[in-house]
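Per this note's numbering, the very first residue in the sequence shown carries number 41; after that it's consecutive.
Shown next, in structure tokens, is the structure this report addresses.
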Amino acid sequence: MEAASGEPGERPALWELVQEAESSLLECQVCFERFEPRTPRRPRSLPCGHVLCVSCVRELTHPRRLALECPFCRLPCAASGARDCLPLLHLLELLASELRPRPGARAAPRVPGAPRAFGGWGTLVHPTGLALCPRSARVAVVHDGEKRVRTCDLWGGHARQFGERGRAAEDVQYPLDVTVTRDGHVVVTDAGDRAVKVFDARGRCKLVLGGRFALPWGVDACPDDDGDGGGAVVLVTDAEVGSLHRLELDPAAGTLRGSVQLRGQLRGPRAVAVCRLSGAVAVLERPLASRAGGAAGAAGAVVKVFSAHMQLLAQVDSFGLSLLCPTPIAVSAVAFDNQGNVVVTDTAGPAVLCLGKPQEMPVVKVVVTHGLVRPVALAFTKQNSLLVLDSQTHSVNVYRLVDGE
């Protein structure tokens, strides 16, 4: 056995251990920020044993009840029950010298834009939809597995699966999209029986809306969701009729409070996204005739952006985007980032592209390309991490974006 010398490059086992500790132990698994001895990144341990930073504990705490649910195991606790995680604080001290660059030492090589991924074949099977819980940052993915809804943390762990494949009304047959309301209810569009289905955080079906849609496809929660268990507001597209609907749900009571058609005469509306800043709505149109066309079908897509009052602000099609890029563009999903920019996935690139704010569209800027094969959905965390669902690799890629990206 060779003796260990003073340089990290000559001690690969120890250096790999330090890097693993840096990524899996010394980062808050909600915001991906590195723990620090000082607030707001000081590690706090919840009564259940899971660890978050002070900032995330504050973010998840209800302003009136002064309580929160653990984003990993869902155990309710008082915010005052969070205590300093002394083992992690001690570990930070012990590893400080190893993690700090030494004078004259070369930094470990890093691939720019390299993502962290979870899932894979067997865990996810032909996934179609991705969403984040606004409050807990839990990830929800719908796919073609035996249990067709999977929720987990941002590392892919602490997973819960539900939505059995079957014939009962509450079973999920062919999920297309998913969203999560502020209070943690999971809303799924099911093309199998053409219904919208609502589940609580434990996977219990609370509401089935059948017979209202010809083909419900895209779904997203609205920022006017009250988030206190009294109701939730979601937008749903009907790809076959060509319409966009606003549904006011009461999952706790298992009832639909109201339904309004916001827009008609759309051409095969698929994905829908709501901007948390302005309430603007983006709809991705792809006529059903092109559904079997794969990337060729996506090349005929149109992105339309409406104001919160459903006035058309901007629209752009794949052909128009291709004129601004050296290669053809095939849009497959749409979302808003934390600055209100319209962001789309491109299966032809493959890539994630930013189109700018509605008033300046299209201003095409490449966000990420590394690690993508067939991106079909995306979501942004409050801490500016980007999650991209890849149907070809059956996985979720997680990118940490830097300021200015």
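For each residue, glycine too, the CB sits at the ideal point set by N, CA and C.
Distance, Tyr439 Cα to Leu108 Cα: 27 Å
Arg146 classed as buried or exposed, judged by whether at least 16 other C-beta atoms fall within 10 angstroms: Bear in mind that the predicted position of Arg146 carries a pLDDT of just 41, short of 50, making it unreliable; the figure below should be weighed with that in mind. By the neighbour-count rule (16 or more Cβ atoms within 10 Å), Arg146 is not buried but exposed.
Tell me, to the nearest whole angstrom, how far the beta carbon of Val70 is from that of Ala177; I am working on the premise that it is less than 8 Å. 5 Å
Give me the Cα-Cα distance between Tyr214 and Cys125, rounded to the nearest whole angstrom. 43 Å
Taking Gly203 and Val228 to be in contact with their CB atoms under 8 Å, please state how far apart those CB atoms are, rounded to whole angstroms. 7 Å
For Leu116, count the other beta carbons within 10 Å of its own beta carbon; 16 or more makes it buried, fewer makes it exposed. Which is it? In the sequence on display, residue 116 carries Pro and not Leu. Pro116 is exposed by the Cβ-count criterion.
Can you have a look at Glu67 and say buried or exposed, based on whether 16 or more other CB atoms are within 10 angstroms of its CB? buried
Helix, strand or coil at Val94 [DSSP, three-state]: helix
Pro127 (DSSP reduced to helix, strand or coil): helix
Please name the residue, chosen from Trp161, Ala199, Pro291, Asp386, that lies closest to Pro111 on a Cα-to-Cα basis. Ala199
Taking C-beta to C-beta, are Gly121 and Leu92 nearer than 8 Å? no
Residue range of the unbroken beta strand (DSSP E) whose run includes Leu247: 245-250
8 Å Cβ cutoff met for Pro155 and His410: yes
Within a Cβ cutoff of 6 Å, which residues of the same chain sit near Pro52, ignoring the five residues on either side of it in sequence? Residue placement at Pro52 cannot be trusted, given a pLDDT of 48 that sits under 50; what the coordinates show is reported in the next sentence. Nothing listed; no residue qualifies.
Leaving aside the five residues before and after Ser299 along the sequence, list all residues of the same chain whose C-beta is less than 8 Å from its C-beta, in chain order. Arg252, His285, Arg286, Leu287, Glu288
According to DSSP, simplified to helix, strand and coil, what is Phe112? coil
Just list the residues that DSSP pairs Phe239 with in beta bridges. Val226, Cys245
What does the Cβ neighbour count give for Leu363, buried or exposed, with the cut at 16 atoms within 10 Å? exposed
Secondary structure at Gln301, three-state DSSP: helix, strand or coil? strand
Would you mind working out which of Thr367, Arg222, Cys245 sits nearest Ala209, comparing C-alpha positions? Cys245
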